[in-house]
Amino acid sequence: MSERAFDPSAPLTPSGNLRRRQIFSRVAESGATLAAVGAVAVLVIVIAAVVSHGLGALSIDFLTKGTPVGIAPAIVGSAAIVLVATAIAMPVGILTALFVTEFANKRVAAQIRLMLDLLNGLPSIIIGLFIFGLIVKPTQQQSALAASVALAIIELPMIARGSQEVLLLVPGSMREAADALGVSRWRTVLKVILPSALGGILTSTVLAVARAAGETAPLLLICSVFDSRHVSLHLTEAIPNIPVTIFELSEEGNPEGFTRAWGAGLVLISFILFASLGARALLARSKRRMAS
Amino acid sequence: MSGPSVNPAYIPAGEGRGARSSSRLKRIDRIGDVALYLICALAALLGVIVLVLVGYQVIHGAVPAISKFGLGFLVHTTWQPNFGVFGAGSLIFGTMVSSFVALAIGAPIAISIGLFLSLLAPKGVSGVISPLVELLAAIPSVILGFWGILILAPFVQKNVEPWLHDHLGFIPLFGPPQTTGSSVFTASLILTIMVIPIIASISRDLFLAVPRDIQDGASALGATRWEVVRGVVLPSTSSGIVAASLLGLGRALGEAIAVTQVIGAGSAINKSLFDTGDTLASRIANQFPGALTELHKASLFYLGVILLVIGLAANLLAQWIGRRFGPRTLAAK
Amino acid sequence: MSYPDQTQRTESGSNGPPVPSRVRIQSAAQGGVAQPAIGQRELGVEAVFEARDVSVYYGAKKALAGVSMRIPHSRITALIGPSGCGKTTFLRSLNRMNDSVSSFRLEGQILYHGNDMYAGNVDQVEVRRRIGMVFQKPNPFPKSIYDNVAWAPRNLGLRHGLDQRVEEALRGAALWDEVKDRLKDSALGLSGGQQQRLCIARAIAIEPDVLLLDEPASALDPIATASIEELMHSLKGRFTIVIVTHNMQQAARVAEQTAFFSVDTAAAVPSGTLVEFAPTEKIFSDPADPRTRDYVSGRFG
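Protein chains in written order, with the numbering used here: chain C, 6 to 297; chain P, 23 to 355; chain U, 342 to 642.
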């Protein structure tokens with residue numbers, strides 16, 4: 006190995022096969038950049054399409070009246086369904102997270118976490134079938150409440166996991182100090198641990214709401230009404246909602262219906278964007294507070 | 023990571039407080055602790071019960087079809103509601119094809135995006151583009167599917183499919199385009215869009231966790247950036263990437279709405295990607311609302327059973343690989 | 342405040358007896374420009390590196406001030422000094438490894454065989470191909486022992502006689518006998534000392550011109566350290582070696598030249614700087630600068 010493969014005093018430009026390798030590397034880098042740009046481009050294209058087509062449909066009437074002019078009943082219906090779903094999922098999710106972080110031993114905690122991951126990975130159409138068999142078939146009717154239960158199942162893992170992550174960030178020293186002072190567990194949890202985790206809990210709830218608001222498959226099976234003139238809050242019946250409205254309008258093939266579907270889509274996407282950005286801001290603020 | 027002390031049961035508080043504390047306060051505390059433990063355990067149990075119940079209900083709903091068709095249901099391809107003949111063969115095929123294509127296109131793109139966000143982009147750029155990529159996952163599938171019907175499908179049918187057919191038409195996959203653009207191919211493209219954010223954000227985190235010192239070691243040996251990636255970054259994250267791809271696969275398998283909007287609800291097994299087809303989830307979403315006979319509904323439940331099994335398998339495999347080969351748990355974002 | 346002028350004038354070039362070269366240092370705050378050592382020859386060999394008034398900034402922080410020195414060919418040069426005095430920064434500037442820090446900025450010039458290393462057309466990868474580095478903490482790849490050593494040669498297209506090359510590299514790193522029967526085993530199963538020798542084997546497998554060693558034994562136990570030092574002696578002559586070390590005795594044992602870095606507390610902005618650069622025995626027996634004397638005799642650092 007005494008003969009060097011290169012001349013050390015040659016200029017420091019690529020020697021040997023380096024030129025080829027550098028070209029390949031730069032091509033690969035460009036490819037990765039292109040992929041990232043492409044993904045953002047698709048996002049922009051889709052949102053731009055929804056905005057440009059949907060703006061045409063938007064009007065005060067569109068948002069406040071029922072069919073054939075507007076989608077107010079669907080907006081109210083979706084809001085009601087998601088609200089009830091969150092009211093169910095949030096406490097169950099937080100309590101589940103508390104169980105994992107405060108009470109369970111390592112093995113049980115791992116199994117609960119697995120359960121949450123499996124629940125999260127369930128296709129929403131399966132959840133639709135589930136609720137259909139559980140509630141709709143025995144009661145012989147579709148209902149908003151059934152839809153809320155389905156959406157609650159979808160929201161639960163997101164809230165539980167997000168809460169768990171932020172509960173784990175609360176230092177163990179806080180718990181130990183409270184124990185040492187003789188403060189009871191439940192007081193510690195209620196007065197110390199939960200409040201400091203509140204930001205993260207709310208963030209994951211908002212994100213879960215954003216996801217549930219757009220879920221169509223379960224609603225298609227268990228709360229499928231889309232043509233309605235009046236707002237209805239009879240939760241024991243099927244009430245109009247945005248996702249099913251968009252779906253049915255998209256399948257109809259009627260251009261006027263398409264316009265309304267774009268409008269409904271714009272309303273939905275606006276809400277989701279707003280919720281996602283809001284969650285992100287909440288997360289940043291609670292992280293800052295945690296760090297201080 | 024700071025965590026709670028490991029406590030299999032509640033710790034009664036106030037034990038060491040001494041005689042001065044009122045016994046009533048002690049009793050409230052103890053009741054409170056027990057109560058908290060119980061409701062937390064109950065909540066956790068509820069999740070487990072729901073999971074089990076889902077399996078039970080779906081199987082229960084499918085019983086009439088299972089007893090009528092048995093396992094042959096998995097291979098027979100005839101689906102005729104009017105004649106009471108049902109077979110999942112073409113749907114399983116469609117599910118496999120569309121998911122596979124989505125993954126084949128989407129995984130490399132997503133991994134590239136992950137590399138970009140972790141190793142290539144300056145922090146500021148990555149801080150902007152990462153949330154945008156994640157936002158892609160937040161688009162509801164019904165909107166993506168609607169966009170697919172009106173904008174993507176016609177575009178693909180006019181521009182992409184003819185080009186592919188002209189140049190690669192000798193492969194039976196790339197047959198002549200249909201008139202409407204509703205095809206397995208379009209559905210696969212929509213699925214690709216859905217799958218990319220999941221794999222990309224997990225990959226990004228995996229790449230960020232590769233220790234700097236071995237990357238420096240590779241650079242110090244006169245390796246180009248790509249060679250460092252290929253030689254060190256990718257090999258040390260390979261199992262994590264596989265697990266992430268499996269999670270993406272699970273997403274693609276279970277997507278019902280967007281797929282049913284653009285796939286054309288075909289019933290036969292077609293060789294060409296540009297023909298119509300259908301998947302398990304999509305068929306359920308498509309036909310369940312209008313199913314009249316009990317056998318029809320039960321057959322759709324049977325499709326659900328198959329979907330559940332495949333989906334759970336993918337998810338469990340992803341979790342297993344993630345736990346076995348890497349410290350990271352793969353709870354999907 | 343300027344430091345006493347250390348330069349000794351000698352006849353330039355020609356046949357004079359070899360004289361130790363010293364470098365004139367002036368505080369950068371004075372705007373002084375260090376001048377290269379008088380005398381083109383240094384112990385009869387040419388310089389591989391020539392640093393000309395090199396200052397390094399990380400953002401606003403000045404890490405290194407006005408370093409000028411010539412590092413000789415085929416010798417071992419040690420960089421010693423207390424923590425935080427910039428010796429590792431200087432070392433990493435010699436193969437452009439500092440480029441990965443985004444706030445890094447270099448003023449002055451570093452010439453490698455007469456070529457400006459920080460010129461616009463310089464390819465970093467080419468630089469690192471010629472100037473190898475072994476790091477403080479062993480960083481073997483999660484691959485087999487064989488693949489660790491063979492990886493870089495494969496990249497460079499040196500596939501012919503790869504087995505031979507790997508064996509010679511492992512012999513050169515005094516590791517061959519210990520691993521020759523388990524080349525396919527994972528490198529992560531080796532001990533710390535073995536892993537570090539593997540990293541050295543990895544570096545010499547591509548036959549660089551220079552080997553930079555950043556405190557290669559500081560993470561190792563004394564026995565492993567001794568084996569690394571033995572290695573140095575056998576590698577000298579084949580490569581130009583620059584080694585950063587905290588361990589003065591180590592410098593005394595292996596290096597022909599030693600450069601003493603310290604923190605320049607007297608300057609307006611405290612930063613690391615080169616205090617004295619001389620043949621090792623001079624640095625340790627009769628240093629010219631009082632700071633060197635203090636450090637070497639153990640009064641601080």
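Quick reminder that beta carbons are idealized off the backbone N, C-alpha and C, glycines included.
Because the structure is a prediction, the values reported are computed rather than measured.
*asked:* Buried or exposed for Pro-143 of chain C, going by 16 or more other Cβ atoms inside 10 Å?
replied: For the purposes of this step, residue 143 of chain C is taken as residue 138 along the first sequence, with counting starting at 1. With fewer than 16 Cβ atoms within 10 Å of its Cβ, Pro-143 of chain C is classed as exposed.
*Would you check if the region 207 to 225 of chain C and the region 161 to 181 of chain P touch, i.e. whether three or more CB-CB distances between them fall below 8 Å?*
Touching, yes, given that three or more Cβ pairs across the two stretches are closer than 8 Å.
*Which residues, in chain order, does the region 18 to 35 of chain C contribute to contact with chain P at a C-beta distance below 9 Å?*
Under the 9 Å Cβ criterion, the region 18 to 35 of chain C contributes Leu-23, Arg-26, Gln-27, Phe-29, Ser-30, Arg-31, Val-32, Ala-33, Glu-34.
*Which first and last residues belong to the beta strand (DSSP E) in which Ser-603 of chain U is found?*
Mapped onto the third sequence, residue 603 of chain U falls at position 262. Where Ser-603 of chain U is concerned, the enclosing beta strand (DSSP E) stretches over 598 to 605.
*Got a sec: is the Cβ-Cβ distance from Gln-367 of chain U to anything in chain P below 9 Å?*
Here the question's residue 367 of chain U lines up with position 26 in the third sequence. Confidence is the limiting factor: at Gln-367 of chain U the pLDDT is only 37, short of 50, which leaves the residue's position unreliable, though a coordinate-based value still follows. So no, Gln-367 of chain U is outside the interface.
*Would you tell me roughly how many angstroms separate the C-alpha atoms of Val-49 of chain C and Thr-315 of chain P, rounded to the nearest one?*
One-based indexing of the first sequence puts residue 49 of chain C at position 44. One-based indexing of the second sequence puts residue 315 of chain P at position 293. Distance between Val-49 of chain C and Thr-315 of chain P, taken at the CA atoms: about 44 Å.
*Do Leu-73 of chain P and Met-120 of chain C have their C-beta atoms within less than 9 Å of each other?*
The residue you call residue 73 of chain P lines up with position 51 of the second sequence. The residue you call residue 120 of chain C lines up with position 115 of the first sequence. Here Leu-73 of chain P is near Met-120 of chain C, since their CB atoms are less than 9 Å apart.
*Distance between beta carbons of Leu-334 of chain P and Gly-302 of chain P, contact taken as under 8 Å*: Along the second sequence, read from residue 1 onward, the residue named residue 302 of chain P stands at position 280. Along the second sequence, read from residue 1 onward, the residue named residue 334 of chain P stands at position 312. The residue you asked about is not Gly; residue 302 of chain P is Leu in the sequence shown. Actually they do not touch by this definition, with Cβ atoms about 13 Å apart.
*Verify whether the separation of the beta carbon atoms of Ala-37 of chain C and Ser-134 of chain P is less than 9 Å.*
Here residue 37 of chain C refers to the residue found at position 32 when the first sequence is read from its first residue. Here residue 134 of chain P refers to the residue found at position 112 when the second sequence is read from its first residue. Closer than 9 Å, so yes.
*Buried or exposed: where does Lys-319 of chain P fall if 16 or more other Cβ atoms within 10 Å of its Cβ makes it buried?*
Residue mapping note: residue 319 of chain P aligns to position 297 of the second sequence, counting from 1. By the neighbour-count rule (16 or more Cβ atoms within 10 Å), Lys-319 of chain P is buried.
*Report yes if the C-beta of Ala-129 of chain P is less than 8 Å from at least one heavy atom of the ligand HEM; otherwise report no.*
The ligand HEM is not part of this structure, which contains no ligands at all.
*asked:* Taking only three categories from DSSP, how would you classify Tyr-453 of chain U?
replied: Sequence index remark: in the third sequence, residue 453 of chain U carries index 112 (1-based). Residue state, collapsed to three classes: strand.
*Is it buried or exposed for Tyr-78 of chain P, if we count other Cβ within 10 angstroms and need 16 for buried?*
To locate residue 78 of chain P, count along the second sequence from 1; it is residue 56. In summary, Tyr-78 of chain P is exposed, with fewer than 16 beta-carbon neighbours lying within 10 Å of its beta-carbon over all protein chains present.
*Round the Cβ separation of Phe-196 of chain P and Ser-112 of chain P to the nearest angstrom and send it over; I've been treating them as touching at under 8 Å.*
Along the second sequence, read from residue 1 onward, the residue named residue 196 of chain P stands at position 174. Along the second sequence, read from residue 1 onward, the residue named residue 112 of chain P stands at position 90. Not confirmed; about 20 Å, so no contact.
*asked:* Beta-carbon within less than 6 Å of Pro-103 of chain P's beta-carbon, same chain only, minus the 5 sequence neighbours each way: which residues are those?
replied: Locating residue 103 of chain P in the second sequence gives position 81, where the first residue counts as 1. Within the same chain, Pro-103 of chain P has close Cβ partners His-318.
*Alpha carbon to alpha carbon, how far is Ser-409 of chain U from Thr-614 of chain U? Give it in angstroms, no decimals.*
Looking up residue 614 of chain U in the third sequence gives position 273. Looking up residue 409 of chain U in the third sequence gives position 68. In this model, Thr-614 of chain U and Ser-409 of chain U are separated by some 9 Å (Cα to Cα).
*asked:* On a Cα-Cα basis, can you pick out the residue from U:Ser-444, U:Ser-626, U:Phe-602, U:Pro-481 that is closest to Ser-424 of chain U?
replied: On the third sequence, position 83 is the one that residue 424 of chain U refers to. Nearest in C-alpha terms to Ser-424 of chain U, of all of U:Ser-444, U:Ser-626, U:Phe-602, U:Pro-481, is U:Phe-602.
*Contact belief for Ile-76 of chain C with Gly-283 of chain C at Cβ below 8 Å, rounded distance in angstroms*: Within the first sequence, numbered from 1, the residue matching residue 76 of chain C stands at position 71. Within the first sequence, numbered from 1, the residue matching residue 283 of chain C stands at position 278. About 23 Å separates the beta carbons of Ile-76 of chain C and Gly-283 of chain C, which is beyond the 8 Å limit, so they are not a contact pair.
*Could you work out which residues of chain P lie near Met-438 of chain U, taking near to mean beta carbons separated by less than 9 Å?*
For the purposes of this step, residue 438 of chain U is taken as residue 97 along the third sequence, with counting starting at 1. Those are Asp-238, Ser-241, Ala-242, listed as they occur along chain P.
*Distance, Cα to Cα, Arg-285 of chain C vs Gly-167 of chain C?*
If you number the first sequence from 1, residue 285 of chain C lands on position 280. If you number the first sequence from 1, residue 167 of chain C lands on position 162. If you take the alpha carbons of Arg-285 of chain C and Gly-167 of chain C, they lie about 13 Å apart.
*8 Å CB neighbourhood of Arg-293 of chain C in its chain, flanking five on each side removed*: By 1-based counting over the first sequence, the position of residue 293 of chain C is 288. Around Arg-293 of chain C: no qualifying Cβ.
*Among P:Ile-279, P:Ala-57, P:Gly-136, P:Leu-172, which has the Cα closest to the Cα of His-58 of chain C?*
Here residue 58 of chain C is taken as the residue at index 53 of the first sequence, counted from 1. Scanning P:Ile-279, P:Ala-57, P:Gly-136, P:Leu-172 for the CA closest to the CA of His-58 of chain C turns up P:Leu-172.
*Can you tell me where the alpha helix (DSSP H) with Ile-151 of chain P in it begins and where it stops?*
Along the second sequence, one-based indexing puts residue 151 of chain P at 129. Element bounds for Ile-151 of chain P: 145 to 160.
*Near Ile-220 of chain P, what residues of its chain come up, given a Cβ to Cβ distance below 8 Å and the 5 sequence neighbours on each side ignored?*
Taking the second sequence and counting its residues from 1, the one referred to as residue 220 of chain P is at position 198. Cβ within range, chain order: Ala-132, Ala-159, Ala-266, Leu-269, Gly-270, Arg-273, Ala-354, Lys-355.
*asked:* I'd like to know whether the C-beta atoms of Thr-202 of chain P and Val-123 of chain P end up nearer to each other than 9 Å.
replied: Along the second sequence, read from residue 1 onward, the residue named residue 202 of chain P stands at position 180. Along the second sequence, read from residue 1 onward, the residue named residue 123 of chain P stands at position 101. Not a contact, by the Cβ cut-off of 9 Å.
*For Tyr-59 of chain P: DSSP bridge partner residues*: Translated into positions along the second sequence, residue 59 of chain P becomes position 37. DSSP lists no bridge partner for Tyr-59 of chain P.
*Please look up how many angstroms separate the CB atoms of Ile-251 of chain C and Phe-168 of chain P, rounded, as I've assumed it's under 8 Å.*
Your numbering for residue 251 of chain C matches position 246 in the first sequence. Your numbering for residue 168 of chain P matches position 146 in the second sequence. So it is a contact: roughly 6 Å between Cβ atoms.
*Please name the residue in U:Asn-489, U:Pro-413, U:Leu-447 whose C-alpha comes closest to that of Gly-314 of chain U.*
Because chain U here runs from 342 to 642, residue 314 of chain U falls outside it and cannot be looked at.
_Please report the distance separating the alpha-carbon of His-235 of chain C from that of Ala-149 of chain C._
On the first sequence, position 230 is the one that residue 235 of chain C refers to. On the first sequence, position 144 is the one that residue 149 of chain C refers to. Straight-line Cα distance between these residues: approximately 15 Å.
*Is the Cβ of Ser-205 of chain P closer than 9 Å to any Cβ of chain C?*
Translated into the one-based positions of the second sequence, residue 205 of chain P becomes position 183. It does not: the Cβ of Ser-205 of chain P has no partner Cβ on chain C nearer than 9 Å.
*Are three or more beta carbon pairs between the region 94 to 112 of chain C and the region 62 to 73 of chain P nearer than 8 Å?*
As far as the Cβ criterion goes, the region 94 to 112 of chain C touches the region 62 to 73 of chain P, which means the pair count is three or higher.
*Determine the burial state of Asn-259 of chain C: buried for a count of at least 16 other Cβ atoms within 10 Å of its Cβ, exposed for fewer.*
Your numbering for residue 259 of chain C matches position 254 in the first sequence. Classification for Asn-259 of chain C: exposed.
*Could you give the DSSP three-state label for Gln-145 of chain C: helix, strand or coil?*
As a first step, residue 145 of chain C is located in the first sequence; it is residue number 140 there, counting from the start. When DSSP states are grouped into helix, strand and coil, Gln-145 of chain C belongs to the coil group.
*Look at the alpha carbon of Ala-608 of chain U and the alpha carbon of Leu-405 of chain U, and state the distance between them as a whole number of angstroms.*
One-based indexing of the third sequence puts residue 608 of chain U at position 267. One-based indexing of the third sequence puts residue 405 of chain U at position 64. The alpha-carbon atoms of Ala-608 of chain U and Leu-405 of chain U are separated by roughly 12 Å.
*Within the 9 Å Cβ cut-off, does Glu-655 of chain U reach chain P?*
Nothing can be reported for residue 655 of chain U, as the shown portion of chain U is limited to 342 through 642.
_When you compare the CB of Phe-108 of chain C with every CB in chain P, is at least one pair closer than 9 Å?_
In the first sequence, the residue the question calls residue 108 of chain C occupies position 103. Taking 9 Å as the CB threshold, Phe-108 of chain C lines the interface with chain P.
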